[in-house]
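For the sequence shown, the residue numbers in the UniProt record's numbering are 1 to 676. To start, the structure itself, in structure tokens.
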Amino acid sequence: MVNRDVPASLIGRLFALDLGAIQAGASYKGQFEERIKSILNEVEKATEKGENIILFIDEMHLIMAGQGASSGGMDAANLIKPVLARGKLRCLGATTLAEYRKYIEKDAAFERRFQQVIVNEPSVPETISILRGLKEKYETHHGVTILDNAIVTAATLAHRYLTARRLPDSAIDLVDEAAAAVRVTRDSQPEAVDRLERKKLQIEVEAHALAKEKDDESKARLEAVNQEIAAINDELQPLKAAWEAAKSRGDKIRAVREKIESLKAKAEDAERRYDVSTAADLRHYAIPDMEEQLSHLEAHKRMEDAKRGPSELEDDVVTSDGISEIVARWTGVPVSRLKATEKVKLRMMEKALMKQVVGQPEAVKAVADSIRLSRSGLSNESRPIASFLFCGPSGTGKTLLTKALAKFLFDSEEAICRIDGSEYSEKHSISRLIGSPPGYVGHEEGGTLTEWVRRKPYSIVLIDEIEKASREFSQLFLQVLDDGRLTDSQGRVVSFRNCVIVMTSNLGAAFLNELDEDSPIPEQTRSLVHAAIRSHFAPEFINRIDATIIFNKLGTAQIRSIVDVRLAEIQKRLQINGKNIMLEVDDQARNWLGQAGFNPQYGARPLNRTIQNELLHPLSRMILDERIRDGEAARISADWKLNRLLILPNHEPLPMDIDDEQDVLSDDEIKIEDVN
1 MVNRDVPASL IGRLFALDLG AIQAGASYKG QFEERIKSIL NEVEKATEKG ENIILFIDEM
61 HLIMAGQGAS SGGMDAANLI KPVLARGKLR CLGATTLAEY RKYIEKDAAF ERRFQQVIVN
121 EPSVPETISI LRGLKEKYET HHGVTILDNA IVTAATLAHR YLTARRLPDS AIDLVDEAAA
181 AVRVTRDSQP EAVDRLERKK LQIEVEAHAL AKEKDDESKA RLEAVNQEIA AINDELQPLK
241 AAWEAAKSRG DKIRAVREKI ESLKAKAEDA ERRYDVSTAA DLRHYAIPDM EEQLSHLEAH
301 KRMEDAKRGP SELEDDVVTS DGISEIVARW TGVPVSRLKA TEKVKLRMME KALMKQVVGQ
361 PEAVKAVADS IRLSRSGLSN ESRPIASFLF CGPSGTGKTL LTKALAKFLF DSEEAICRID
421 GSEYSEKHSI SRLIGSPPGY VGHEEGGTLT EWVRRKPYSI VLIDEIEKAS REFSQLFLQV
481 LDDGRLTDSQ GRVVSFRNCV IVMTSNLGAA FLNELDEDSP IPEQTRSLVH AAIRSHFAPE
541 FINRIDATII FNKLGTAQIR SIVDVRLAEI QKRLQINGKN IMLEVDDQAR NWLGQAGFNP
601 QYGARPLNRT IQNELLHPLS RMILDERIRD GEAARISADW KLNRLLILPN HEPLPMDIDD
661 EQDVLSDDEI KIEDVN
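Structure follows, in structure tokens:
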């Protein structure tokens with residue numbers, strides 16, 4: 001319509017109604033309606049004269065949002081309805097489906113006077129076409145160059161990962177933010193220049209202070225400082241000159257692009273006014289001259305960039321990697337191209353996980369394979385990254401493996417949405433996951449699971465001891481495991497396609513406990529464990545799980561390895577808490593802990609209790625008594641005859657009052673019963 005590429009009856013006939021401007025300042029009741037009425041009268045007069053005015057109302061639901069308000073809200077709908085019924089007004093409105101249903105559908109008389117036109121979300125190819133049309137405008141605004149592969153990446157990643165928003169809006173925001181980031185980086189001083197300028201300022205402050213001193217040593221130091229300043233200037237000036245020259249070239253290109261945009265707008269305006277002379281001058285002389293100047297500037301820039309280092313060639317270019325970094329920053333999903341260090345890290349993933357999880361190579365390999373599949377881009381986009389059911393005896397590392405995976409991916413063991421199955425044993429309790437139904441308390445708050453995944457789409461969902469939850473609990477996860485989606489109580493669809501679903505269970509643990517130590521799991525025992533799983537869960541639930549992993553029973557060799565892991569954790573805990581104490585635990589003590597903490601039925605948990613009772617409690621008392629002080633070593637051995645650990649003190653205990661000494665019990669007087 002702006003380009004007059006419409007029938008003559010529509011040219012110059014579209015007017016936008018700004019409801020905000022009409023409402024502003026309407027302080028008393030009826031003033032707003034009076035303004036609306038005067039506008040409608042003007043439209044009717046123009047219609048009677050043969051000027052068919054089309055009124056466009058953006059956010060159309062606002063004309064009904066104040067109906068019935070005692071203070072006289074926006075009651076424009078009742079004024080517009082009679083004019084529409086008489087055919088004196090042609091009107092277009094724009095609103096969302098939710099607001100249409102909430103406001104407009106409630107007034108049937110107003111609704112039937114409009115024809116509903118559904119504007120669907122554009123597809124990815126259509127979004128790419130839209131972005132290509134906007135590309136030149138954003139290049140001019142930010143003064144950068146946007147590559148075509150960046151546009152394709154923005155549309156693709158926005159459709160896949162920004163599911164809470166719609167195309168093309170989400171893709172446009174990606175391109176806009178990536179271009180802004182490139183511009184800020186280009187306008188900022190390079191790191192080398194900034195570092196040298198800070199160093200120069202620091203030395204100049206020192207030189208200023210030394211200039212006031214009169215002794216020979218200060219004069220000699222001042223001369224050395226002046227030489228250092230001269231050396232920094234020699235290094236800084238060419239770097240700063242090169243950066244300023246590159247920035248100047250970019251500013252010139254941006255100014256020419258803005259001039260071309262301005263000339264094109266003037267040419268289009270002249271064509272609409274049928275000013276042929278002005279349009280011809282602009283189209284055939286001014287614009288071509290500026291475009292030729294732009295091509296010369298860009299060619300000169302490319303030539304200068306070729307002389308610079310390869311790491312600086314794309315200072316003002318928006319690339320596919322830049323778009324991926326923005327998506328990763330928004331969602332936490334690592335969609336950027338794999339770097340060499342990350343490739344090495346993923347290849348060595350089993351080794352990193354097995355440092356914490358001992359004796360479970362099958363489970364570690366299955367988890368590592370799923371993460372590598374996702375990061376290499378070969379996983380199914382319509383399902384979660386992976387879903388596992390960990391089965392095995394208590395204390396074999398099922399939950400620990402999940403924490404180790406979170407530590408590997410997010411550098412924190414707390415980056416887990418943990419759901420305890422025992423808390424959902426009642427049928428009605430599953431509403432806590434997706435939110436309470438309408439009419440119940442907490443409906444507006446959302447669910448614990450859905451809200452977590454909405455905020456952190458790339459995360460680990462741990463369902464601990466799932467067999468203790470109700471049957472309805474497992475039914476809730478059918479669509480999560482199959483389609484990677486779950487609808488909460490608000491009607492929002494939450495995507496689980498970037499989550500790792502881990503479920504732990506003790507089903508079949510009795511069969512595994514009957515096995516001998518360090519023996520592989522025979523097929524007969526595996527069949528019994530799978531039979532126990534099938535008898536508890538529905539077939540449609542089991543069929544949606546990627547892998548059911550049976551954890552091995554821990555033997556004495558594995559417990560001995562876990563001793564080393566736990567002692568390393570204690571040493572790290574001391575450093576974090578500011579205790580500069582080095583643990584020196586000999587092999588006798590380590591072997592004793594491995595033997596005392598071994599229980600084939602309870603796994604590694606008895607070892608944790610043994611370490612706490614036999615090592616940490618006596619060590620804490622020695623630290624408080626200053627028998628082991630900061631900066632010293634805690635020497636720990638074992639007395640096999642007395643069947644206990646020996647912590648060798650470095651100093652005599654602090655003197656105590658007689659009354660206090662009688663109140664303190666010795667280690668020999670305290671008897672702690674073990675569960676073994």
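Idealized CB from N, CA, C, for every residue including glycine.
Since E584 is in the beta strand (DSSP E), which residue starts that stretch and which ends it?
As a working mapping, residue 584 is identified with position 584 in the sequence shown. Residues 582 to 585.
Which parts of the stretch 155 to 227 are runs of the alpha helix (DSSP H), unbroken and 4 residues or longer, counting only runs that do not cross its ends?
Fully enclosed alpha helix (DSSP H) runs of 4 or longer: 169 to 187, 191 to 210.
Can you look up N599 in the DSSP assignment and give me helix, strand or coil?
Taking the sequence shown and counting its residues from 1, one reaches residue 599 at position 599. Three-state result, N599: strand.
For I371, is the classification buried or exposed, using 16 other Cβ atoms within 10 angstroms of its Cβ as the cut-off for buried?
As a working mapping, residue 371 is identified with position 371 in the sequence shown. Buried, because 16 or more other Cβ atoms sit within 10 Å of the Cβ of I371.
Would you kindly check if the distance between the Cβ of I501 and the Cβ of S379 is under 7 Å?
Position 379 of the sequence shown, counting from 1, holds the residue named residue 379. Position 501 of the sequence shown, counting from 1, holds the residue named residue 501. The answer is no: Cβ separation not under 7 Å.
Mapping the DSSP letters down to three states, classify V6 as helix, strand or coil.
In the sequence shown, residue 6 corresponds to position 6, counting from 1. Correct three-state label for V6: coil.
Any idea what DSSP makes of D420, helix, strand or coil?
Looking up residue 420 in the sequence shown gives position 420. Of the three classes helix, strand and coil, the one that applies to D420 here is strand, per DSSP.
Report the three-state DSSP secondary structure of M348 (helix, strand or coil).
Position 348 of the sequence shown, counting from 1, holds the residue named residue 348. It is coil, neither helix nor strand.
Just to confirm before moving on: does the CB-CB distance between G597 and L583 stay below 7 Å?
Against the sequence shown, residue 597 aligns to sequence position 597. Against the sequence shown, residue 583 aligns to sequence position 583. No, the Cβ-Cβ distance between G597 and L583 is not below 7 Å.
Return the bridge partner residues of A604 from the DSSP annotation.
Residue numbering aside, residue 604 sits at position 604 when the sequence shown is read from its first letter. A604 pairs with nothing; no bridge assigned.
Could you tell me the distance, in whole angstroms, from the CA atom of I466 to the CA atom of E569?
Reading the sequence shown from its first residue, position 466 is the one you call residue 466. Reading the sequence shown from its first residue, position 569 is the one you call residue 569. Each residue's alpha carbon lies about 29 Å from the other.
Considering only DSSP beta bridges, list what G93 is partnered with.
Your numbering for residue 93 matches position 93 in the sequence shown. Answer is I57, bridged to G93.
If you check the beta carbons only, do V563 and R605 fall under 7 Å apart?
To locate residue 563, count along the sequence shown from 1; it is residue 563. To locate residue 605, count along the sequence shown from 1; it is residue 605. It is not a contact, given that the beta carbons lie outside the stated cut-off.
List the endpoints of the continuous beta strand (DSSP E) containing L14.
Mapped onto the sequence shown, residue 14 falls at position 14. That run of the beta strand (DSSP E) goes 14 to 17.
Once DSSP output is grouped into helix, strand and coil, what is the label at L313?
Here residue 313 refers to the residue found at position 313 when the sequence shown is read from its first residue. For L313, the predicted model reports a pLDDT of 41, less than 50, meaning its position is unreliable; a value from the coordinates is still stated below. Correct three-state label for L313: coil.
Could you compute how far the alpha carbon of P653 sits from the alpha carbon of K572?
Reading the sequence shown from its first residue, position 653 is the one you call residue 653. Reading the sequence shown from its first residue, position 572 is the one you call residue 572. The straight-line gap from Cα to Cα measures roughly 26 Å.
Span of the alpha helix (DSSP H) holding I39?
For this step, residue 39 is matched to residue 39 along the sequence shown. First-last of the alpha helix (DSSP H) with I39: 31 to 48.
Quick check: the Cα distance between S535 and A155, rounded to an integer number of angstroms?
Looking up residue 535 in the sequence shown gives position 535. Looking up residue 155 in the sequence shown gives position 155. Distance between the alpha carbons of S535 and A155 is about 46 Å.
Check whether the stretch 146 to 153 touches the stretch 315 to 333, counting contact only when three or more Cβ pairs, one atom from each stretch, lie closer than 8 Å.
The stretch 146 to 153 vs the stretch 315 to 333: in contact.
Alpha carbon to alpha carbon, how far is residue 723 from R112?
In this structure the chain extends from 1 to 676, so residue 723 is not present and cannot be described.
Ordered along the chain, which non-local residues of its own chain (more than five positions away) have a Cβ less than 8 Å from that of R560?
Taking the sequence shown and counting its residues from 1, the one referred to as residue 560 is at position 560. These residues qualify, in order along the chain: R590, N591, G594.
Indicate whether Y602 and G395 have their beta-carbon atoms separated by less than 7 Å.
Taking the first residue of the sequence shown as 1, we reach residue 602 at position 602. Taking the first residue of the sequence shown as 1, we reach residue 395 at position 395. In this structure, G395 lies closer than 7 Å to Y602 by Cβ.
With 16 other CB atoms within 10 Å as the buried threshold, where does L10 fall?
Stepping through the sequence shown from its first residue, residue 10 is reached at position 10. So L10 ends up on the exposed side.
Assuming contact is defined by CB atoms lying nearer than 7 Å, are V344 and L405 in contact in what I supplied?
For the purposes of this step, residue 344 is taken as the residue at position 344 of the sequence shown. For the purposes of this step, residue 405 is taken as the residue at position 405 of the sequence shown. Contact flag unset, no.
So, under 8 Å CB-CB, L486 and I430 are touching, yes? Tell me the CB distance rounded to an integer number of Å.
Walking along the sequence shown from the start, residue 486 turns up at place 486. Walking along the sequence shown from the start, residue 430 turns up at place 430. That pair is no contact at about 12 Å.
Going by CA-CA distance only, name the one from V152, A192, V124 that's closest to K135.
One-based indexing of the sequence shown puts residue 135 at position 135. Of the listed residues, the one whose Cα sits closest to K135 is V152.
Apart from the five residues on each side of it in sequence, which residues of its chain come closer than 6 Å, Cβ to Cβ, to S70?
Walking along the sequence shown from the start, residue 70 turns up at place 70. Because the pLDDT at S70 is just 43, under 50, the model does not fix this residue reliably, and the value given afterwards should be weighed accordingly. Taken in chain order, the list of residues that qualify is empty.
Using three-state DSSP, classify L624 as helix, strand or coil.
Locating residue 624 in the sequence shown gives position 624, counting from the first residue. It is helical.
According to the neighbour-count rule (16 or more other Cβ atoms, all chains shown, within 10 Å of its Cβ), is T185 buried or exposed?
Translated into the one-based positions of the sequence shown, residue 185 becomes position 185. The residue is exposed, with fewer than 16 neighbouring Cβ atoms inside 10 Å.
By how many angstroms is the C-alpha of E514 removed from the C-alpha of I542?
Stepping through the sequence shown from its first residue, residue 542 is reached at position 542. Stepping through the sequence shown from its first residue, residue 514 is reached at position 514. I542 and E514: Cα-Cα distance of roughly 25 Å.
Could you tell me the distance, in whole angstroms, from the CA atom of S311 to the CA atom of P190?
Numbered from 1 along the sequence shown, position 311 holds the residue referred to as residue 311. Numbered from 1 along the sequence shown, position 190 holds the residue referred to as residue 190. Caution is warranted here: a pLDDT of 46 is assigned to S311, below 50, making its placement in the model unreliable, and the coordinate value is therefore given only provisionally. About 12 Å.
Specify the secondary structure class of S527 as computed by DSSP and reduced to three states.
Along the sequence shown, one-based indexing puts residue 527 at 527. S527 falls in the helix class under three-state DSSP.
Give a yes or no on whether the C-beta atoms belonging to P361 and L512 are separated by under 7 Å.
Taking the sequence shown and counting its residues from 1, one reaches residue 361 at position 361. Taking the sequence shown and counting its residues from 1, one reaches residue 512 at position 512. Cβ distance not < 7 Å, so P361 and L512 don't count as in contact.
I'd like to know whether the C-beta atoms of H142 and A179 end up nearer to each other than 7 Å.
By one-based count along the sequence shown, residue 142 stands at place 142. By one-based count along the sequence shown, residue 179 stands at place 179. Yes, they are a contact pair.
Classify G20 as helix, strand or coil using the three-state DSSP reduction.
The residue labelled residue 20 in the question sits at position 20 within the sequence shown. In the structure shown, G20 sits in a helix (DSSP, three-state: H, G or I).
Would you identify the three-state DSSP class for I636, choosing helix, strand or coil?
Along the sequence shown, read from residue 1 onward, the residue named residue 636 stands at position 636. Residue state, collapsed to three classes: strand.
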